[in-house]
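In structure tokens, the structure reads:
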């Protein structure tokens, strides 16, 4: 086999040398991914499966026992191409069952041998039965062993004792004998001799000595598949034709697991079936390009990302930097590797397998693999672990389940072809994956969700590029479908994407040329204009970073890059961004990132500079914000566990945060469990792990403590600073199902319950008082209905993009009570909002999507203009009429610095470099100035009179006092201590306002364990008045006790709305004040009955506006209302609507200009306004 393949390999290399195999990267610009191997002989394949088939075909003649099982063993990302090392997957040795041989006969078990011996060596019935003893099995030498060295031939003797009965003596005697038995089996590698035993793998694999020679024949190449640049649909990549699919399985905070599918690439070690990988399969690739002739000796480095994206690295000095511009940097440490990213450091072994991830919060994940490179476990720094199980029996390279604390979180099933078919979760719900395109086995064509409804459909063209993604129907439908996109790849190299609303986006790409580097989007053209992007050329910048972006209004944002030396951080990468370049609104910002660690060092925008210092673990130790004008700085300091000890279970955990103030100790501290709960080592409850957060204590010593976690690391019980405990329960898939705030007794507990549809969408929220809201979704998992527990509903009609075209509110009987409608353009922008009377407000937008005009139902137009940074610069109300203009200006932090009103008067605002208001000059209030402390709290406010108010704050930055020049006006606030007037069950004061001292007295507040104000004592001039409050389990007011002892009580319906109000005066019986309150569905009150029996009826129209206010009893109030198309009241009528009592007129800005007699239309009062809205004149009927 080896000699045959060597010959073919040499021939192919010779053709490379002669130029017969031209590089396919120089071909046409049309979006397409091509695959090449030596066996394709210069004819690139359209799919990975096709190039794999070439290799399989060559080896098919050596499949003596069964077809080889192939896999991508590793990948090498070499900048302009990726080499896939395609290998025969190691196989388990085939070991047959033992065959037992005795007296020339074969038997299948030792028990059969024993039975035969006992059947032929039978003692006399008067004596004890024949007994057997056995020697141990001994290898039969000279007959060979199995391929794995296991014993395959053994022998042993069975010794029997046979008993005879003697009639003469009536006694038994015994004789001893033996029977020889041997056994045999085979332990052979399949497809011998191609596969031989590999001791390191404990499996059968290709002959190790042969593999390096066959490597050229067992590899293929393609261009890198980068992480998606501009995903569309669900999602599809218009730059490559790749269909990807993220599938999150769980997220527990300390660890999450997400699967990723790609139609256009396999991923080594994905272990989840064709096309799939997962978020813990990051791999660093390091190797040479042996696909050229002669082979290259230059070491190339790359990364296979968590989503399967392929990123090449460029050697820079002693390290390697990512070519995608992310700044990620890899450094070789002996034979291992360290990768520095913006939020973590990752360590890889010599084979590129991830060993550990260190996060900025001081926690880490450690990975264990077996000799075959299979991921076995993921262990958090707290000791919690995800165990990875593999199929047994079956293809044990495929993950069968993920297990935490002995409980399967998700399990996977596969087709015979190795395609992932189902993911089944702890609650028994499954997601099913479909591969229905016979042209492209393994190409994902859809997903059926946990509710057993088909959720998505995907389609591909003849070259295997994704052309369709949708959430309704299949890809044979003429329309694009719900949430759908269609992709068309043109010979010119563009991709035209049509979305669910019919919007067409044309993606233009950079030329691939001969470089082979991934193409980038350099333009997107839609009906509202084009966005263009320019990149630095490869010859100037190997990262090909963004150079400029020109938006649809022609505004340019430019980017410049440099390297500099920072006194503290060393070498830094400097990115300068100039927005609205060349305009008066130009804004320049600068970001500095440490080149060795890829961590942020400094950011500058306008007059604000933020600088971060870090420890050796790259955790922020100081965050310094500086005003670049005044030089003032504010420093926040963070400390960490530097060594394990009584307070520090793990190095790197956050210990304290010291805020920027120096006048108080504004320090928060963090404490952790220093050892595992005793139950963790047994089968008992494991309530916490070493390193779990135990408590957070604020600057005033108030502590919130987590009392217990579940086995998955989710909080079960949390005690607040007042000692109140909140308990949490969870669905089998980790979603919260209940939140219980404990009362003084179990009966007083407040429990909020949450239930879910199988898909994980919230189905119902039930409040502690039993009222609930239910949510319904369509097959595309979009919210379509909301229902309360009385049967009232809101129904949404959606377009294909999920925009709400219509909202109908219906009562429990199904009667329509409220409605509105919307229309959207193909860009998904709201173009009209229509009320129940079909009165429309229209909207139009500029090229960048900013709202430009609003035309109301009376055809009054308001226009808006924006500056080059897309900030509102001008509003013109009643265009062509009043034309009231408001102009706004901004600083670099997007804060308003000047507003010019319609009269041309300016109000200006000044800010410091921290973004806080320091001054205001207004024609109305004059000049005011403000000072602030280091935390940004206002210290003083001085008005135009020169009067200064001084503000004081506690260590939690809560206002504790305002001092005025006149001390009689001073106000003081106190917190955390319950006033003496509070009862024992009203003294839950920490974190809450307890007292306000003000002129002539004070106001005191008492709180219950749920944080509700239960008592307010207001003292004025020595006289105290007390109000008391009572609440339902859902926190709704149920009673109010007045200072004279009178009690107003509030009876509520099943939805928690007030249905009756009663009043009980001291010494008197309860009186009903209001009764029989009725409501519109999801709306306001529609009527009630007073305690004297009179009624008030408030019928509403379909916009929920009152049509009338009517008392049907004689002499009762009875009024009706008339509205104009924009909803302003234009008529006041009698209750029946037969007589107009008054009329109202408005100007084009919606301001009341006249009241008129309803019958004659005679003006009663006429009002005039200036452009700003100030009333300037009043004319009455009397003149």
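Numbering (my numbering), first residue to last: 186 to 1368. Just so you know, even glycine gets a beta-carbon here, dropped at the ideal spot from N, CA and C.
Between the CA atoms of residue j and residue i - distance to the nearest angstrom
i            : j            : result
residue 790  : residue 812  : 10 angstroms
residue 1103 : residue 1112 : 11 angstroms
residue 879  : residue 1146 : 34 angstroms
residue 1243 : residue 1307 : 29 angstroms
residue 197  : residue 402  : Residue confidence for residue 197 is low, a pLDDT of 47 falling below 50, so the modelled location carries little weight; the figure read from the coordinates is stated next. Residue 197 and residue 402: Cα-Cα distance of roughly 9 angstroms.
residue 1333 : residue 1025 : 16 angstroms
residue 240  : residue 379  : 15 angstroms
residue 712  : residue 721  : 28 angstroms
residue 1083 : residue 770  : 14 angstroms
residue 543  : residue 931  : 43 angstroms
residue 695  : residue 231  : 21 angstroms
residue 1139 : residue 849  : 8 angstroms
Local conformation of residue i per DSSP, three classes
i            : result
residue 656  : coil
residue 864  : helix
residue 238  : helix
residue 246  : helix
residue 398  : helix
residue 1170 : helix
residue 342  : strand
residue 506  : strand
residue 301  : helix
residue 1107 : strand
residue 891  : strand
residue 435  : strand
residue 296  : helix
residue 608  : strand
residue 931  : helix
residue 348  : strand
residue 1153 : helix
residue 1366 : coil
residue 712  : coil
Short Cβ contact (9 angstroms threshold) for residue i with residue j
i            : j            : result
residue 774  : residue 527  : no
residue 548  : residue 835  : yes
residue 348  : residue 314  : yes
residue 468  : residue 537  : yes
residue 1227 : residue 1212 : yes
residue 740  : residue 1054 : yes
residue 624  : residue 645  : yes
residue 1370 : residue 569  : Missing from the structure shown is residue 1370; the chain here goes from 186 to 1368 and no further.
residue 489  : residue 466  : yes
residue 996  : residue 1004 : no
residue 1375 : residue 756  : For the chain, the structure presents residues 186 to 1368; residue 1375 sits outside this window and is missing.
residue 718  : residue 735  : yes
residue 1057 : residue 1070 : no
residue 1166 : residue 1191 : yes
Residues that DSSP places opposite residue i in a beta bridge
i            : result
residue 220  : 230 and 407
residue 269  : 260 and 405
residue 805  : 799
residue 1247 : 1234 and 1257
residue 319  : 343
residue 531  : 524 and 542
residue 1147 : 1136 and 1156
Cβ neighbours of residue i in the same chain (closer than 8 angstroms, five flanking residues each side left out)
i           : result
residue 675 : 215 and 681
Residue i at chain B interface by Cβ criterion, 9 angstroms
i           : result
residue 655 : Note that chain B does not occur in the displayed structure, where there is just one protein chain.
Cut-off 6 angstroms between Cβ atoms - residues of its own chain near residue i, not counting five sequence neighbours on either side
i            : result
residue 608  : 595, 597 and 616
residue 1172 : 1163
residue 1316 : 1307, 1325 and 1328
Cutoff 7 angstroms; reference residue i; Cβ partners in own chain excluding five residues on either side
i            : result
residue 1361 : 1353, 1354 and 1355
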